[in-house]
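Top to bottom, those sequences are chains Z and H.
The working numbering applies: residue 1116 is where the first sequence begins, and numbers increase by one.
The working numbering applies: residue 43 is where the second sequence begins, and numbers increase by one.
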Amino acid sequence: MSRKLTVFIALLLVSVLVFACGKPAETPAPAPAPQPEEEATPAETAPAEEAPQVEGVTGKIVVVGSTSVSPTIEKLAADFMENVEPGVTIEVQSVGSSAGIKAAGDGTGDIGMASRNIKEEEKALGLDEYILGFDGIAVVTHPSNEVKDLSSEQIQKIFAGEITNWSEVGGKDVEIIVVSREEGSGTRGAFEELMGLDKEVLVTGDAVIAEGNGAVKAQVASKEDAIGYLSLSYLDETVQQLKVDGVEGTPENIKDGSYKVSRPFLLLTKPEKSEAVEAFFKYFETDNAKKIIEDQHLILQ
Amino acid sequence: MRDRHMEKGRITGIIFENIFRLSSILAIIALLMILGYIIYAGAPAMIDVGIREFLGGMEWRPTRDLYGIFPMLVGSTVVTAGAIIIGVPIGILTAVFLAEVAPEWLAKIVRPAVELLAGIPSVIYGFFGLLVIVPIIHSAFGNGGDSLLAAIIILSVMILPTIVTITETSIRAVPRSYKEGALALGASHIQAIFQVIIPAARSGILSGIVLGIGRAIGETMAVILVMGNSIKMPSSLLDRGRTMTANIALEMSYAAGQHQQMLFATGVILLIFIMILNFILLKLTRERQAK
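Below is the structure:
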């Protein structure tokens, strides 16, 4: 028995060592999956593309980052590749804001996508920021809730767990059920930053954690006493959007800055951009691109 | 001629033996790769943070570099224990019913039904829990519904097939003479079942329970949907809570750097739990074979 155990442990150690030696000094990087493709495609596509293309830009752009930004970028990339610069290949990987910023910084991606502002420590990467548009975050309750308007301070206290009963903000005498996103989500990061839940006070540990905007909506829609937050583009009649500080979260109010709970969708690049990236950024200023962005419920500056 | 034939048979035999050996080595390699990777990815960070802070810490706040999983250890343990307390008696009694009491035609309906329970995907259990059980608990207790209790109810149904199937098999494996002896001594049918057959089938029943525990502790999807996933320490069964599996699944998609390594570290703890369970299972089956 003990000999068998020794053999087993020895084998296990060997396999740990295999991993340890195989990737020297590399921490398990987020979403390494599409890497091999990256290496394979330029070799295949580059010569093939040069033949039919007389002039125009060629190359490959890897866009990495926020899951909230990527649907818009995918639409833009498809239009760009089809109608503007057929010589350019764009690959979009949605792995989250933090990973996207990191990828832009270390060069594994050409463009990083972030659905929140850059943090202090991320500024050290020296990246150029381009604002694609703004997205509002709606604070929502169950449609039957009689509370229609909350101040930022009340929202902060509710999410921090200091206000725990709807009667304290003019509602029924029932406990508030706070619904939040999972740790690391860009929407959560932006909401915490905007509501002052990232410093002295944090989102209450008692909060229901739902994975994704859709799950938050489902939770709030099914619980009469719940409050949650989600990207404006996910709003529908199953939940009730609250006014924040008396201002309705409409695209107009986000544009003129009166609705405070909004965040930029950022594209981050190294200061020296490739020709293909320059062309892609230039394309964002065209009417076609603007229409695509607005169709995705983003608010242009 | 005959020699040649035998020679050929011998070679085929050797080839096939090696194919079998290769297949089994593949299974071992897969196991070692998984274990090796999880330990490689999780253990350094776990030591970095400190095993005491990790296992005993009450706060899980990756953005603040706080990685305490004690509330989740409690969550996983309580939910599993609860599922066992509810599921095991029901499972054993169902198995007794199927093996000893039910007329054959009824057993032929109940048995496939129980087995079908094992084939329902866990996300369906979770969805059912979210739409049916959670609202019922909310209307009874007004706590929002997402709770350890909801997870316990769902899990106790999910472990039923394992327990029923293994228990029934081990009851059927008890020699007829045991039961006949008991009856001949004047015991009633029920007395024979509870005083003779179940004790004789004990080790089989126990391994069924251990497998059930393994299923309950490893369940992820169904639990995420009904437990609320709060990071706070649950203080009652009606509170929300988070299990280790839910922690990994919920945060994996966005985690990077140390946060991601700590999720692997959670996986290491989970693996240790499961390995202890398997060790117990091994002991129990040994005991059975020894008999």
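Every residue, glycine too, gets a C-beta built ideally from N, C-alpha and C.
Source: prediction; values computed, not measured.
- Of H:Pro104, H:Ile196, H:Leu68 and H:Gly186, the smallest CA-CA separation from Val1289 of chain Z is found for H:Gly186.
- Only those residues of the segment 1279-1297 of chain Z whose C-beta falls short of 8 Å from the nearest C-beta of chain H are listed: Val1289, Glu1290, Ile1292 and Glu1297.
- In the DSSP assignment, Gly1343 of chain Z is bridged to Z:Val1255.
- Ranked by how close their Cα comes to the Cα of Glu293 of chain H, the residues Z:Arg1303, Z:Val1178, Z:Ile1342 and Z:Gly1372 have Z:Arg1303 in first place.
- Close CB contacts of Phe183 of chain H within its chain, under the 6 Å cut and outside five residues either way in sequence, are with Leu280 (chain order).
- For Glu1261 of chain Z, not one C-beta of chain H is nearer than 7 Å to its own C-beta.
- When beta bridges are read from the DSSP output, Tyr109 of chain H appears opposite H:Trp102.
- About 15 Å separates the Cβ atoms of Thr1187 of chain Z and Met1196 of chain Z, ruling out a contact at the 8 Å cut-off.
- At the C-beta level, Gly283 of chain H and Leu190 of chain H come within 7 Å of one another.
- Shown here for Gln1334 of chain Z: same chain residues with a beta carbon closer than 7 Å to its own, the five before and five after excluded, namely Val1294, Val1323, Ala1325, Ala1341 and Gly1343 in chain order.
- Between Tyr82 of chain H and Phe1395 of chain Z, the gap from beta carbon to beta carbon reaches 7 Å or more.
- Going by beta carbons, Ser118 of chain H and Ile259 of chain H fall inside the 7 Å limit.
- In its chain, beyond the 5 residues on either side, Leu140 have a beta carbon closer than 7 Å to the beta carbon of Arg153 of chain H.
- A residue is called buried when at least 16 other Cβ atoms come within 10 angstroms of its Cβ; Met48 of chain H does not meet this threshold and is exposed.
- At a cut-off of 7 Å between beta-carbon atoms, Gly1251 of chain Z makes no contact with chain H.
- For Phe1380 of chain Z, none of the residues of chain H pass the 9 Å Cβ criterion, the least Cβ distance being about 17 Å.
- In the DSSP assignment, the residues bridged to Lys1358 of chain Z are Z:Asp1264.
- Per DSSP, Lys1175 of chain Z is one residue of the beta strand (DSSP E) stretching across Gly1174 to Gly1180.
- Residue-level contact by beta carbon fails for Gly309 of chain H and chain Z, as no gap is shorter than 7 Å.
- Among the CB atoms of chain H, one or more fall inside 7 Å of the CB of Asp1321 of chain Z.
- Of all residues in the segment 57-86 of chain H, only Leu74, Met75, Leu77, Gly78, Tyr79, Ile81, Tyr82 and Ala83 come within less than 7 Å of chain Z when Cβ atoms are compared, listed by chain position.
- Lys1338 of chain Z and Ile314 of chain H have their C-alpha atoms some 37 Å from each other.
- Lys1406 of chain Z sits exposed, since fewer than 16 C-beta atoms from the chains shown fall within 10 Å of its C-beta.
- In the three-state scheme derived from DSSP, where H, G and I count as helix and E and B as strand, Arg328 of chain H is classed as helix.
- Using a Cβ-Cβ cut-off of 9 Å, Phe1134 of chain Z is close to Met75, Gly78, Tyr79, Ile81, Tyr82 and Ala83 of chain H, given in chain order.
- The contact set of Ile273 of chain H on chain Z, defined by CB atoms closer than 7 Å, consists of Gly1320 in chain order.
- Put simply, of Z:Lys1234, Z:Lys1385, Z:Lys1175 and Z:Val1392 the residue whose alpha carbon is nearest the alpha carbon of Ala1305 of chain Z is Z:Lys1234.
- With fewer than 16 neighbouring CB atoms inside 10 Å of its own CB, Val143 of chain H falls in the exposed class.
- Annotation: the continuous alpha helix (DSSP H) that includes Arg214 of chain H extends over Leu202 to Arg214.
- DSSP, read as helix, strand or coil, puts Leu1247 of chain Z in strand.
- In this structure Met200 of chain H touches Ala264 of chain H by the C-beta definition: roughly 7 Å separates them, less than 8 Å.
- When C-beta distances to chain Z are compared with 9 Å, the residues of the segment 173-204 of chain H below that value are Leu173, Val176, Pro177, His180, Gly184, Asn185, Gly186, Gly187 and Asp188, in chain order.
- Ala291 of chain H: member of the alpha helix (DSSP H) spanning Met286 to Glu293, first to last residue.
- Assigned with DSSP and collapsed to three states, Met1196 of chain Z falls in helix.
- With respect to chain H, the C-beta atom of Ala1214 of chain Z has a partner C-beta closer than 7 Å.
- Secondary-structure assignment with DSSP links Pro1379 of chain Z through a beta bridge to Z:Phe1249.
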